[in-house]
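Visitor: Per this note's numbering, the sequence shown runs over residues -17 to 206.
This is the structure, below, for whatever I ask next.
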Amino acid sequence: MTPRPARALLVAFVLVAAVDLLSLLAGSDLGHRIAKPLLMPLLAACAGVRGGPRLLVAALLLGWCGDLALMSDADPAFLVGMACFAAGHVCYLVLFRRTPRGGRAAWLPGAYAAVLVALVVLLWPGLPAGLRVPVAGYSLLLTAMAYGATRLGPVAALGGALFMLSDTLIATGVADWPQLPKAAFWIMITYVVAQFLLVQGVLGPLAARRAPAAAYGEMRSTTP
């Protein structure tokens, strides 16, 4: 059962996410700038209250640092933001490797590798020269994280895939590709849902493993 403080934090996260997304749809930069910095701290607090691993909380807080950096239009801020998210992906990767391996389709590694190569090849010509190598390196780490998430099951796998989609939308903007209407909305909704699903994908199996131990402890405490 989810603790009451965690439920309150989750409700706050959902409400702030709604404010942020509606602000982007309405073109309200002020609403976006107020709501966006609150998202990952709320989700990290919710994960922490639910007993989430420190690496999970660290990944979310590093994502928060990346969010703050990307709110600036300066080129150095983009690199700082990318470095923060890269560090968050490392946290996720280490966390995933500590999770018991689940069954995965044999074609998955090839599929993720093909997507990585296609993205780098297609984006490379349009990227500024100084960003080509950093973006390629970040894409490799991002793809590894998304593939690693598949070992936790479909919820985390979808979260990893949406994270890839969100960052790909950002990269196409940097490469000066034609953008979707309300591009910032699509970037944020895929990112917010991705982080939420990754949290659920980590905490779901963790709660399932803890439940038998808790039930056994309760049974022992009530046994004469």
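For each residue, glycine too, the CB sits at the ideal point set by N, CA and C.
So for Pro(-13), helix, strand or coil by DSSP?
Guide: If you number the sequence shown from 1, residue -13 lands on position 5. Three-state result, Pro(-13): helix.
Visitor: Answer yes or no: do Gly108 and Trp159 have a C-beta to C-beta separation smaller than 8 Å?
Guide: The count along the sequence shown starts at 1 and reaches residue 108 at position 126. The count along the sequence shown starts at 1 and reaches residue 159 at position 177. Yes; because the gap between Cβ atoms is below 8 Å, this pair is in contact.
Visitor: Looking at the secondary structure, which residues open and close the alpha helix (DSSP H) in which Arg79 lies?
Guide: To locate residue 79, count along the sequence shown from 1; it is residue 97. Note, Arg79: alpha helix (DSSP H), Asp57 to Arg79.
Visitor: Inspect the beta-carbon positions of Gly142 and Thr132 and report whether they are closer than 8 Å.
Guide: Residue numbering aside, residue 142 sits at position 160 when the sequence shown is read from its first letter. Residue numbering aside, residue 132 sits at position 150 when the sequence shown is read from its first letter. Taking 8 Å as the Cβ cut-off, Gly142 and Thr132 qualify as a contacting pair.
Visitor: When burial is assigned at 16 or more other CB atoms within 10 Å of the CB, is Arg32 buried or exposed?
Guide: What you label residue 32 is simply residue 50 of the sequence shown in a count that begins at 1. So Arg32 ends up on the buried side.
Visitor: What whole-angstrom Cβ distance do Ser121 and Leu90 have, given they're in contact under 8 Å?
Guide: Taking the first residue of the sequence shown as 1, we reach residue 121 at position 139. Taking the first residue of the sequence shown as 1, we reach residue 90 at position 108. Contact doesn't hold; Cβ gap of about 17 Å is too wide.
Visitor: Please go through the same chain and pick out, in chain order, the residues whose beta-carbon is closer than 6 Å to the beta-carbon of Leu52, but skip the five residues on each side of it.
Guide: Here residue 52 corresponds to residue number 70 of the sequence shown, with the count starting at 1. Excluding sequence neighbours, Leu52 sits near Gly63.
Visitor: Would you mind giving the Cβ-Cβ distance between Gly13 and Val1, rounded to the nearest angstrom? I have them listed as a contact below 8 Å.
Guide: By one-based count along the sequence shown, residue 13 stands at place 31. By one-based count along the sequence shown, residue 1 stands at place 19. About 6 Å; that satisfies the 8 Å criterion.
Visitor: Write down the C-beta distance between Met127 and Tyr74 rounded to the nearest angstrom, noting that I regard them as a contact closer than 8 Å.
Guide: What you label residue 127 is simply residue 145 of the sequence shown in a count that begins at 1. What you label residue 74 is simply residue 92 of the sequence shown in a count that begins at 1. Yes, Met127 and Tyr74 are in contact; Cβ-Cβ is about 5 Å, under 8 Å.
Visitor: Could you have a look at Ala195 and say whether DSSP puts it in helix, strand or coil?
Guide: Here residue 195 refers to the residue found at position 213 when the sequence shown is read from its first residue. The predicted position of Ala195 is uncertain, since its pLDDT is 47 and thus under 50; a value taken from the coordinates is nonetheless stated next. Three-state DSSP puts Ala195 in a helix.
Visitor: Do the CB positions of Leu144 and Thr172 come within less than 8 Å of each other?
Guide: As a position in the sequence shown, residue 144 is number 162, starting the count at 1. As a position in the sequence shown, residue 172 is number 190, starting the count at 1. It is a contact, given that the beta carbons lie within the stated cut-off.
Visitor: CB Leu134 to CB Phe78, shorter than 8 Å?
Guide: Taking the first residue of the sequence shown as position 1, residue 134 is located at position 152. Taking the first residue of the sequence shown as position 1, residue 78 is located at position 96. A contact, by the Cβ cut-off of 8 Å.
Visitor: Locate the alpha helix (DSSP H) running through Asp149, then write down its first and last residues.
Guide: Translated into the one-based positions of the sequence shown, residue 149 becomes position 167. Start and end: Pro136 to Val156.
Visitor: My guess is that Ala26 and Leu42 are in contact by the Cβ rule of under 8 Å, so how many angstroms apart are they, rounded?
Guide: Locating residue 26 in the sequence shown gives position 44, counting from the first residue. Locating residue 42 in the sequence shown gives position 60, counting from the first residue. Contact flag correct, Cβ pair sits at about 4 Å.
Visitor: According to the neighbour-count rule (16 or more other Cβ atoms, all chains shown, within 10 Å of its Cβ), is Leu7 buried or exposed?
Guide: What you label residue 7 is simply residue 25 of the sequence shown in a count that begins at 1. Note on Leu7: under 16 other CB atoms within 10 angstroms of its CB, so exposed under the neighbour-count rule.
Visitor: What is the rounded straight-line gap between the Cα of Met201 and the Cα of Pro187?
Guide: Counted from its first residue, the sequence shown places residue 201 at position 219. Counted from its first residue, the sequence shown places residue 187 at position 205. Only weak support exists for where Met201 lies, its pLDDT of 49 falling under 50; the value from the coordinates is given anyway. Cα to Cα, Met201 sits roughly 22 Å from Pro187.
Visitor: Which residues in the same chain have their Cβ closer than 7 Å to the Cβ of Tyr94, if we skip the five residues on either side of it in sequence?
Guide: Taking the sequence shown and counting its residues from 1, one reaches residue 94 at position 112. Result list for Tyr94: Thr125, Ala128 and Tyr129, in chain order.
Visitor: Confirm, please, whether the CB-CB distance from Gly34 to Gly70 is below 8 Å.
Guide: Counted from its first residue, the sequence shown places residue 70 at position 88. Counted from its first residue, the sequence shown places residue 34 at position 52. No, they are not a contact pair.
Visitor: Is Ala208 helix, strand or coil when you go by DSSP?
Guide: Coverage of the chain is limited to positions -17 through 206, which leaves residue 208 absent and any answer about it impossible.
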